[in-house]
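The sequence shown maps to residues 8 to 341 in the working numbering.
Cβ atoms here follow ideal geometry from the backbone N, Cα and C, with glycine treated the same way.
Nothing here was measured: the structure is a model prediction, and the numbers come from that model.
The block underneath contains the structure these notes are about, expressed in C-alpha cells.
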Amino acid sequence: MLARCQDGYEGLLAREFSDAGVVCPETGGGWVLAEPEGDASAQDQDWCFAHEVHFAPVVIEGGSVNALAAAIADRFLSTARSERFEEAWPFVVVAASGLDGLGRRASTVESAVRDILKKRMSRVAKLATGDAPRCGRARGLFVCFLDFGRAMVSREAWSGGQRRMADDPAAPSRSYLKVEEAYGVLGREPASGEKVVDLGAAPGGWSFSAARRLAHVAAIDNGPLKGGALGNPLIEHRREDAFRFQPGKGEVFDWLFCDLVEEPHHVLHSIVEPWLRGGWCRRFVVNLKFGRADALALLGDARRRLAPACQVLHARHLFHDREEFTLVGEVRNA
C-alpha cells in the first residue's frame, strides 16, 4: 500500500500502520509505503492519519516525460482490457512534497497520459475525472510521483474523506473549515430544524456552520461569539461552562459539537464519553488536540471508550487539522 498523509505527519501514520502489524519500509514527503504482513485485512482498516491509500502499487520509472507517460498508460491499458467503463472514473495524479518542480512534472506527465488514452480508448478517456474518491474505495488510475523519475501506479484506492474546504468570509474562525470537512467523512450534516449543542463554541465557527443549514444551536461558552455567529437568531449563546453543561431531563440533541482547547484526555473522559454513553446526542463531531500528548495512545483510548456507544465511529486527521484529530459518528440507540 502507498498511503498519503498531511505533510509532516508521516511518522504518526507509520506508527499507526506499525500498531496494526504493517511494516513501513520507506517514507517521504507526505507519503508512507506500507506492506501488510500476510493479512490483507489491514487494507480495510479505518485509518486516521491516512488521507488516501493506494492499493497494490506498481513502480514506474523513466528518465523523461514521454517515457513515464507511456509506461503509466501501458499499465492502465493492460489492466483495463476486460473492464467496462459506463460512468465517470477517477484519474488522479499527485506528487510528493518537498521537491521543487515535482508537481509541474506530474501535471505534464498526466496531460501526456491523457493524450495517449484519448488515442487508444477515446470513450473511456472522456469519462476520466481528476476527482479523488469522496470517501471509501474506488477503482480508477492513481499515480503518485515520489521523485522526478519514479511514480507508484495503482488501480484501486481508498479515501478517508479529507479535503480542502472553501472558506466563508462570515465565519468567525478558521475552525469553521474543520467541521465543514468533517460532515463529508460522516456523510451527514445538520439539517433544518435539528438541535445542535456546541460545547466550547466561542468564537462560533462551528455554531455558524450549523446555523447556515438552519439548525438551532445552543452555543455553550463563557467567551464571546464573533462574525456570523454573533446575534444570529438561530444561535442561543449560553455563557456556561462546557464541562458542566448537561441537557435537560429527556432532552436529546441531534448533534454534539466540541472543539475545546483543553487537555484531550480530560475532554474525552469528562465530556465526550458521558454524552455518548448517556445517549444525550444522536451524532457528533469532536476535535481532540493531542499537542504534547501521545497521539496514537489518545486515538486508541478514544476508540476503546467510545466504540461501545457508537454504531458509526470514524477518527480522521483532517486536511484542516494540525496537532489534533477529529472524531465523527452516530450514537447507538440514541
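Cβ-based burial, residue i [other Cβ within 10 Å; buried from 16]
i, result
"PRO140", "buried"
"HIS273", "exposed"
"GLU331", "buried"
"ARG82", "buried"
"GLU17", "buried"
"VAL39", "buried"
"GLY137", "exposed"
"ALA198", "exposed"
"LEU221", "exposed"
"GLY212", "buried"
"LYS185", "buried"
"VAL150", "buried"
"VAL204", "buried"
"GLU258", "exposed"
"ASP328", "buried"
"GLY281", "Note that residue 281 corresponds to Pro in the displayed sequence, not to Gly. Label assigned to PRO281: exposed."
"VAL279", "buried"
Per-residue DSSP class, three states only, for residue i
i, result
"GLY143", "strand"
"SER89", "coil"
"HIS223", "strand"
"PHE215", "helix"
"VAL271", "Looking at the sequence shown, residue 271 is not Val but Pro. Note: PRO271 maps to helix in three-state DSSP."
"ASP81", "helix"
"GLY6", "Examination of residue 6 is not possible in this model, given that the chain is present from 8 through 341 alone."
"ALA10", "strand"
"SER129", "helix"
"SER161", "strand"
"ARG181", "coil"
"ALA135", "strand"
"PRO315", "helix"
"ASP328", "coil"
"VAL259", "coil"
"HIS61", "strand"
"PHE342", "Look at the range of the chain in this structure, 8 to 341, and you will see that residue 342 is not part of it."
"ASP154", "strand"
"ASP205", "strand"
"GLY110", "helix"
"PRO240", "coil"
"GLU42", "strand"
"ALA27", "coil"
"TRP282", "helix"
"GLU247", "coil"
"ARG299", "coil"
Whole-angstrom C-beta distance between residue j and residue i, which should lie under 8 Å
i, j, result
"SER214", "ALA208", "5 Å"
"ASP175", "LEU106", "The pair is not a contact, with the Cβ atoms about 34 Å apart (cut-off 8 Å)."
"GLN13", "HIS61", "Actually they are not in contact, since the Cβ atoms of GLN13 and HIS61 sit about 16 Å apart, beyond 8 Å."
"SER277", "PHE252", "Wrong, their Cβ atoms sit about 11 Å apart, outside the cutoff."
Residues near residue i in its chain [Cβ-Cβ closer than 8 Å; skip 5 each side]
i, result
"GLU42", "MET8, VAL29, VAL30, CYS31, PRO32"
"VAL268", "GLY207, LYS296"
Same chain, Cβ closer than 6 Å to residue i, neighbours up to 5 away in sequence not counted
i, result
"LEU305", "PRO271, PHE297"
"VAL116", "VAL72, LEU75, ALA76"
"GLY168", "CYS142, GLY191, VAL192"
"ALA113", "VAL100, ALA102, PHE152"
"LYS202", "HIS223, PHE260, ASP261"
Residues near residue i in its chain [Cβ-Cβ closer than 7 Å; skip 5 each side]
i, result
"ALA78", "ILE67, GLY69"
"LEU148", "PHE83, PHE98, ARG162"
"GLY307", "none"
"ALA119", "VAL72, ASN73, ALA76"
Contact test: residue i Cβ vs the ligand ATP heavy atom, cutoff 6 Å
i, result
"SER277", "The model depicted lacks the ligand ATP and carries no ligand whatsoever."
Determine contact between the segment 226-240 and the segment 178-186, defined as no fewer than three beta-carbon pairs at a distance below 8 Å. yes
Inspect the CB distances between the segment 312-324 and the segment 145-161 and report whether three or more fall short of 8 Å. no
Decide if the segment 140-151 is in contact with the segment 190-198; the criterion is three or more beta carbon pairs, one per stretch, under 8 Å apart. yes
Assess contact between the segment 290-306 and the segment 330-339, defined as three or more Cβ pairs (one per stretch) separated by less than 8 Å. Is contact present? yes
Taking contact to mean at least 3 C-beta pairs separated by less than 8 Å, is the segment 19-27 in contact with the segment 90-98? no
The segment 70-77 contacting the segment 163-178, beta-carbon criterion three pairs below 8 Å: no
Take every Cβ of the segment 224-231, pair it with every Cβ of the segment 240-255, and state whether three or more of those distances are shorter than 8 Å. yes
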